[in-house]
Amino acid sequence: MTNHDGRQLASKWAKTEALLSHRALVPHVPPTSHFSSSQLRNMLNTHGMVVIKPVVGTGGNGVIKVERSGFGFTYTFKERSVRFTSFEGLVTALRSRMGRRNYLIQKGIALATVNGRPIDYRVKYVKTFKGWEYRSLVGRIAKRGLFVTNLSQGGDLVLAGQGIRASLGHAYVKEKKRKMRELTVISTRVLEQRFPGISHLGFDYGIDRQGKVWIFEVNTRPH
Ligand SMILES: Nc1ncnc2c1ncn2[C@@H]1O[C@H](COP(=O)(O)OP(=O)(O)O)[C@@H](O)[C@H]1O
Ligand SMILES: [Mg+2]
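Mapping the sequence shown onto the working numbering, position 77 (from 1) lands on 916, and the numbers just tick up by one.
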């Protein structure tokens, strides 16, 4: 089966690995690993903030943020943050939240914000008989108090240009839109080679406070 063989395409891990096979994409994919307590420790030491997400998941469900701080660790799920003084305490709490599902750990990106609310971007890219075409490029502003921007979690939709202007400034609009389009073209080439038959892609891009563009995930059947 080629087209939409759900299992493999549902895996954020498989798609992230595919993206990492292209040199031009590597700097734009946040460092990612499978979840284990030793990887969590390493990644917190290296990055200070990480995001833990289900390998197979959608809609921002189950996405957890963990930060290292002076007094220990903070874990944030939905609008609730909990502090831990010990790493063991943190891991115990995480594991009970995570249950038996598989998770990955990703470097946390400090997204640029609009009125304190993180914003990221969705690019829809569709294959038609004429070839690949853009369908939309929009910004999604997280519901106040959340770090995930998903519309299903209460995020607000804006035009990408408006979002870039409001979060980073007018001078960034053209360049960041161009960068997201360029990454979309390269990523699609790589993904199509690895997963023949894909035709509807939804790219989630973050732009950090320094203006760097990051690829959070590629949805293979975006809605
Ligand atoms: N590495 C990250 N750093 C910061 N925020 C992230 C990161 N990964 C995901 N997020 C936030 O969580 C949301 C959901 O994550 P995503 O990987 O798109 O999974 P889902 O399939 O649940 O949409 C993203 O839109 C973004 O707002
Ligand atoms: Mg997403």
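Think of the CB as a built atom: it goes at the ideal place given N, C-alpha and C, for glycine as much as any other residue.
Considering only 873, 954, 1060, the residue with the shortest C-alpha distance to residue 1036 is 1060. In the structure shown, the three-state DSSP call for residue 1056 is strand. When beta bridges are read from the DSSP output, residue 864 appears opposite no residue. Residue 946: member of the beta strand (DSSP E) spanning 942-946, first to last residue. Cβ neighbours of residue 864 within its own chain (closer than 8 Å, five residues either side excluded): 858, 1022, 1025, 1026, 1029, 1054.
If you draw a straight line from the Cα of residue 1043 to the Cα of residue 1031, it comes to about 17 Å. Here the segment 954-973 makes no contact with the segment 919-937; the two share fewer than three CB pairs at distances below 8 Å. Taking C-beta atoms under 8 Å as the contact rule, residue 950 and residue 887 fail to qualify, at a distance of about 15 Å. For residue 986, the Cβ stays outside the 7 Å cut-off from all heavy atoms of ligand 2. In the three-state DSSP reduction, residue 1031 falls in the helix class (H, G or I). Following the DSSP letters along the chain, one finds residue 905 in no alpha helix (DSSP H) but inside the beta strand (DSSP E) bounded by residues 903-908.
In this structure, ligand 2 has no non-hydrogen atom nearer than 7 Å to the beta-carbon of residue 995. Following the DSSP letters along the chain, one finds residue 886 in no beta strand (DSSP E) but inside the alpha helix (DSSP H) bounded by residues 876-886. With the rule of 3 Cβ pairs closer than 8 Å, the segment 902-920 does not count as touching the segment 969-980.
Fully contained in the segment 961-1032 are the following alpha helix (DSSP H) runs of length 4 or more, in chain order: 999-1006.
Under DSSP, the beta-bridge partners assigned to residue 1040 are 964.
Taking C-beta separations shorter than 7 Å and ignoring five residues to either side along the sequence, the partners of residue 957 in its chain run 950, 981, 986, 988, following chain order.
Cβ-Cβ distances below 7 Å link residue 953 to 980, 1002, 1005, 1006 in the same chain, with the five nearest sequence neighbours on each side left out; the list follows chain order. In this structure, residue 900 has its beta carbon at no less than 7 Å from each heavy atom of ligand 2.
Within its own chain, the residues whose Cβ lies closer than 6 Å to the Cβ of residue 995, once the five positions on either side in sequence are excluded, are 980, listed in chain order. Note on geometry: alpha-carbon atoms of residue 984 and residue 1039 lie some 31 Å from one another. Contact between the segment 891-899 and the segment 936-944 is established, with three or more Cβ pairs separated by less than 8 Å.
Judged by beta-carbon spacing, residue 1012 lies within the 8 Å limit of residue 1000, meaning their Cβ atoms are closer than that value.
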